[in-house]
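> There's a structure below that I have some questions on.
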Amino acid sequence: MFIGIAAAVVAGTMLGLYALPGKYTSDFEEENKWSLFFVLTMFVVPLVATFGLMKGVGDIYAGIDSSVLTTMVVASFLWGVGVMMWGKAIDHIGLSLGFSLFIGTVILVGSVLPLGIAISKGQPLPSTPALISILAGIAVVLLGVLSNGRAGLIREADEAAIQAAQGDTEDAATGPKQRSYGLGIFIAVFGGLLATGFNVAFTYGAGPLGEAVVANGNPGWMTAMAVMLPVFLSGGVVMTFYFLFQLSKKKAWGKFKTASFGKNFILIFVMAFFHYAASAMYAFAADSLGANGPVVVYAIFNTTCLVVAVISGILTGEWAKASGGAKRWLYTGLLCMVVGVLVLAVGQVLEQAPVESEVVSNVQLVLGC
Numbered sequence: 005m006f007i008g009i010a011a012a013v014v015a016g017t018m019l020g021l022y023a024l025p026g027k028y029t030s031d032f033e034e035e036n037k038w039s040l041f042f043v044l045t046m047f048v049v050p051l052v053a054t055f056g057l058m059k060g061v062g063d064i065y066a067g068i069d070s071s072v073l074t075t076m077v078v079a080s081f082l083w084g085v086g087v088m089m090w091g092k093a094i095d096h097i098g099l100s101l102g103f104s105l106f107i108g109t110v111i112l113v114g115s116v117l118p119l120g121i122a123i124s125k126g127q128p129l130p131s132t133p134a135l136i137s138i139l140a141g142i143a144v145v146l147l148g149v150l151s152n153g154r155a156g157l158i159r160e161a162d163e164a165a166i167q168a169a170q171g172d173t174e175d176a177a178t179g180p181k182q183r184s185y186g187l188g189i190f191i192a193v194f195g196g197l198l199a200t201g202f203n204v205a206f207t208y209g210a211g212p213l214g215e216a217v218v219a220n221g222n223p224g225w226m227t228a229m230a231v232m233l234p235v236f237l238s239g240g241v242v243m244t245f246y247f248l249f250q251l252s253k254k255k256a257w258g259k260f261k262t263a264s265f266g267k268n269f270i271l272i273f274v275m276a277f278f279h280y281a282a283s284a285m286y287a288f289a290a291d292s293l294g295a296n297g298p299v300v301v302y303a304i305f306n307t308t309c310l311v312v313a314v315i316s317g318i319l320t321g322e323w324a325k326a327s328g329g330a331k332r333w334l335y336t337g338l339l340c341m342v343v344g345v346l347v348l349a350v351g352q353v354l355e356q357a358p359v360e361s362e363v364v365s366n367v368q369l370v371l372g373c
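The sequence shown runs 5 to 373 under the numbering used here.
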């Protein structure tokens, strides 16, 4: 049990910190940083990890129905756009706000979606106590998302007021350092909605791929890796075309030719590794804790991720110019999300869903799905 809980904490910490090294790159535009990150996290790391760790990779995918893979690919395109927007949101509004809004949206949609699917298929809803707990958790998480959105808007006003008071009006509205918090909040929330495409891909692919993974002599938790490979490759195509366009439009290709490239590459590779490894570590943790593993890990992982992201953002000075009011909204939002996640976990315990379905469906929350 200790190993599983420790793995869940490590997974949450890795995802909460994955974007932090990007703050220390130099001589790179946003497009340089994120294009290199997505090449590594969508193509290089998944391919190396899958073929390096999993047995019978070719046989696993050869036996899967083409319609399943097609559905996964289409859903993964949407997820790719969502994750790309997450990166843009972090640049606009910072680590703490970008993470909490994006992941809060993912938790909301990821919790409501199964209920909607059950209703559409005529399936019975969860028991009354479980349904009450789930709806209460959703409501508390929603309050957290709204609270953090309010914190971002107040922080933007605070920073604008400080600039005006200091007479720092040099193109304050159009300067390259200016960030639109309203736009960043919209990007984070809308990206979170699109990122639920990962859940669709898991829903269709986890069953057949899981059977194939085990049949080829792999542990069950590697199902997450088997599903992630086509999802990442498909989502990566979207990002590749987008950043090819952006790098050309902004004439940023030359920025790769910098003396800082080696340092930047290492920092961005750490980002890519943390981003991918968090999901595999989550799946391992859920599998190792037995029947209630996914429920326990769900709460530990999301709570750790949110807390780490907010603390790292505060420590790196993102909220240095924010007023006490903005910080109180931020802390209130974080508290609501942590409590909401725990209440949702209680609802899952009351429902006592089978572990096989829970392991694969909850992995969606790891990479913003």
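For every residue, glycine included, the Cβ atom is placed at its ideal position computed from N, Cα and C.
Nearest to Ala210 by CA position, among Ala230, Gly153, Gly186 and Leu338, is which residue?
Taking the first residue of the sequence shown as position 1, residue 210 is located at position 206. The candidate whose alpha carbon is nearest that of Ala210 is Ala230.
> Using the three-state DSSP reduction, which class does Asp167 fall into: helix, strand or coil?
Locating residue 167 in the sequence shown gives position 163, where the first residue counts as 1. According to the sequence shown, residue 167 is Gln rather than Asp. Note: Gln167 maps to helix in three-state DSSP.
> Who are the near neighbours of Thr75 in its chain, counting only those whose CB is closer than 6 Å to its CB and skipping five residues on each side?
In the sequence shown, residue 75 corresponds to position 71, counting from 1. Correct list, in chain order: Tyr208.
> In terms of residues, what are the limits of the alpha helix (DSSP H) holding Tyr28?
The count along the sequence shown starts at 1 and reaches residue 28 at position 24. Run containing Tyr28: none; DSSP gives neither H nor E here.
> Please state whether DSSP places Leu129 in a helix, a strand or coil.
Here residue 129 is taken as the residue at index 125 of the sequence shown, counted from 1. DSSP, reduced to helix, strand and coil, places Leu129 outside both helices and strands of the structure shown, so it counts as coil.
> Look at the alpha carbon of Arg332 and the alpha carbon of Leu146, and state the distance between them as a whole number of angstroms.
The residue given as residue 332 occupies position 328 in the sequence shown. The residue given as residue 146 occupies position 142 in the sequence shown. Approximately 17 Å between the Cα atoms of the pair.
> Roughly how many angstroms separate the alpha carbons of Gly8 and Pro128, rounded to a whole number?
One-based indexing of the sequence shown puts residue 8 at position 4. One-based indexing of the sequence shown puts residue 128 at position 124. If I take the Cα positions, the gap works out to 32 Å.
> Nearest CA to the CA of Leu82: which residue from Cys340, Thr308, Phe269 and Val235?
For this step, residue 82 is matched to residue 78 along the sequence shown. Answer by Cα proximity: Val235.
> Tell me the residue span of the alpha helix (DSSP H) that contains Lys37.
Stepping through the sequence shown from its first residue, residue 37 is reached at position 33. Note, Lys37: alpha helix (DSSP H), Glu34 to Val43.
> With DSSP run on the structure shown, which of helix, strand or coil describes Glu215?
Position 211 of the sequence shown holds residue 215. The three-state reading of DSSP puts Glu215 in helix, counting H, G and I together.
> In this structure, how does DSSP classify Ser365 when only helix, strand and coil are distinguished?
One-based indexing of the sequence shown puts residue 365 at position 361. Note that Ser365 scores 47 on pLDDT, short of 50, meaning its location in the model is unreliable and no value can be drawn from it.
> Can you round the beta-carbon distance between Leu348 and Ile123 to whole angstroms, since I take them to be within the 8 Å contact cut?
Position 344 of the sequence shown, counted from the start, is the residue given in the question as residue 348. Position 119 of the sequence shown, counted from the start, is the residue given in the question as residue 123. Their Cβ separation, rounded to whole angstroms, is 18 Å, which puts Leu348 and Ile123 out of contact at 8 Å.
> To the nearest angstrom, report how far apart Ile315 and Leu248 are at their CA atoms.
Along the sequence shown, read from residue 1 onward, the residue named residue 315 stands at position 311. Along the sequence shown, read from residue 1 onward, the residue named residue 248 stands at position 244. Each residue's Cα considered, the two are about 34 Å apart.
> Would a C-beta distance cut-off of 8 Å place Asn268 and Phe42 closer than the cut-off?
By 1-based counting over the sequence shown, the position of residue 268 is 264. By 1-based counting over the sequence shown, the position of residue 42 is 38. Not closer than 8 Å, so no.
> Helix, strand or coil for Gly209, going by three-state DSSP, please let me know.
Taking the first residue of the sequence shown as 1, we reach residue 209 at position 205. Three-state DSSP puts Gly209 in a helix.
> Taking the C-alpha atoms as reference points, what is the distance between Leu339 and Val149?
Against the sequence shown, residue 339 aligns to sequence position 335. Against the sequence shown, residue 149 aligns to sequence position 145. Across the structure, Leu339 and Val149 are spaced so that their CA atoms are roughly 11 Å apart.
> Can you give me the Cβ contacts of Gly179 inside the same chain, cut-off strictly under 6 Å, excluding the 5 residues immediately before and after it?
Numbered from 1 along the sequence shown, position 175 holds the residue referred to as residue 179. Interpretation of Gly179 is limited by its pLDDT of 44, a score under 50 that renders its predicted location unreliable; no figure is taken from the coordinates.
> For Asp175, count neighbouring Cβ atoms within 10 angstroms of its own Cβ and tell me buried if that reaches 16, exposed if not.
In the sequence shown, residue 175 corresponds to position 171, counting from 1. In this prediction, Asp175 scores a pLDDT of 47, lower than 50, which makes its location untrustworthy; the coordinate-derived value is nonetheless stated afterwards. It is exposed - the Cβ of Asp175 has fewer than 16 other Cβ atoms within 10 Å.
> Look at Thr308 and Thr109 and say whether their C-beta atoms are less than 8 Å apart.
Along the sequence shown, one-based indexing puts residue 308 at 304. Along the sequence shown, one-based indexing puts residue 109 at 105. In this structure, Thr109 does not lie closer than 8 Å to Thr308 by Cβ.
> Less than 8 Å between C-beta atoms, sequence neighbours within five positions excluded: which residues of the same chain meet that for Ile318?
Start at 1 with the first residue of the sequence shown, and residue 318 comes out as number 314. Answer for Ile318: Ser100, listed in chain order.
> From Ile136 to Phe6, what distance separates their C-alpha atoms?
Counted from its first residue, the sequence shown places residue 136 at position 132. Counted from its first residue, the sequence shown places residue 6 at position 2. Their backbone Cα atoms lie some 31 Å apart in a straight line.
> If Met243 and Gly84 are in contact, beta carbons under 8 Å, what's the gap, nearest whole angstrom?
Position 239 of the sequence shown, counted from the start, is the residue given in the question as residue 243. Position 80 of the sequence shown, counted from the start, is the residue given in the question as residue 84. 6 Å between Cβ atoms; contact.
> Roughly how many whole angstroms lie between the Cα atoms of Ala12 and Val350?
Taking the first residue of the sequence shown as position 1, residue 12 is located at position 8. Taking the first residue of the sequence shown as position 1, residue 350 is located at position 346. Their Cα atoms are separated by approximately 17 Å.
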